[in-house]
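Here this note's numbering is used: the first residue of the sequence shown is -6, the next is one more, and so on.
From the three backbone atoms N, C-alpha and C, an ideal C-beta is built for every residue, glycine too.
Notes to accompany the following structure.
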Amino acid sequence: MVEFTIIVPVYNEKENLLRVEKELLAYTKMATKKTSVLFVNDGSIDNSQELIEEICTRNEVFHFISFKENQGLSAAIKAGFDFVESPLVGYIDSDLQTDPEDFNLLLEHIGEYDLVTGVRADRKDKFVKNMSSKIANGIRRAFTHDGMDDTGCPLKVIKTDYAKRIPMFKGLHRFLPAMILLQNGRILQVPVKHFPRMAGTAKFGLWNRLLGPLMDCFAYLWMKKKYINYEIKSKG
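In structure tokens:
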């Protein structure tokens, strides 16, 4: 039985997919939990889907779902949460700027916590990207008080029952730890490795990293006020 499913959102990443296959296949052989991989093709217009199908055909641990058209990262992650059946679900970007092996570091703590996220201790991005991310994270912390330094880190492990209860909307992928806290869950961040992008192009610009997240913070505050959270005392 698969214990852990890794979601890999894909949007026009044909240059990276064979490397993703190699690295994640290697990880599944040394993972501390029985692991499968789920590609979520977010309406790619290159030949990413063709490559994904080839990868899934030759590796039984790889699977995919494909969107009819591009819906964005939050939708891709939400679809993955909805689709998986394993008790644990993870997430990694297809640019592989984080190391799949570090999932084992996160999995060490997931028994005690409900979400464990990586924090990129030594980021290899360009100055503008690093600074905009730090500013955005500071703004988000001021709104959410989640104590997380790097919610944009594309390496996370979540207990699936918590993940499925997250009411996702566009931009909310930046607030996954805060959304676990709304469920009275426990969260932890763990330092992980980070690498420069090897191929393909980044999908987020200055707008996405600063102004977009600022507007999303107000959406989060609205959701926090309206969020329904209950526990069953008994049933008959």
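Which word fits residue i, buried or exposed, when buried means at least 16 other C-beta atoms lie within 10 angstroms of its C-beta?
i           : result
residue 160 : exposed
residue 107 : buried
residue 37  : buried
residue 21  : buried
residue 172 : buried
residue 152 : buried
Of all the options the options, which has the alpha carbon lying nearest to the alpha carbon of residue i?
i           : options               : result
residue 46  : 10, 16 and 94         : 10
residue 66  : 54, 91, 3 and 31      : 3
residue 41  : 90, 5 and 82          : 5
residue 163 : 68, 73 and 35         : 68
residue 16  : 94, 212, -5 and 156   : 94
residue 222 : 148, 174, 179 and 147 : 174
residue 56  : 31, 158 and 92        : 31
residue 180 : 229, 73, 218 and 144  : 144
residue 48  : 18, 141 and 74        : 18
What separation, rounded to the nearest whole angstrom, lies between the Cα atoms of residue i and residue j?
i          : j           : result
residue 81 : residue 29  : 11 Å
residue 90 : residue 8   : 14 Å
residue 71 : residue 35  : 11 Å
residue 63 : residue 228 : 42 Å
residue 44 : residue 97  : 27 Å
residue 23 : residue 99  : 14 Å
Please state whether the Cβ-Cβ distance between residue i and residue j is less than 8 Å.
i           : j           : result
residue 111 : residue 0   : no
residue -2  : residue 79  : yes
residue 87  : residue 13  : yes
residue 58  : residue 76  : yes
residue 155 : residue 178 : yes
residue 146 : residue 167 : no
residue 109 : residue 183 : yes
residue 85  : residue 148 : yes
residue 27  : residue 53  : no
residue 217 : residue 92  : no
residue 170 : residue 139 : yes
Contact criterion: CB-CB distance below 8 Å. Does residue i meet it with respect to chain B?
i          : result
residue 32 : Absent from the structure is chain B; it holds one protein chain and no more.
Start-end ranges of the alpha helix (DSSP H) lying completely within the stretch 49 to 90, minimum 4 residues: 66 to 76
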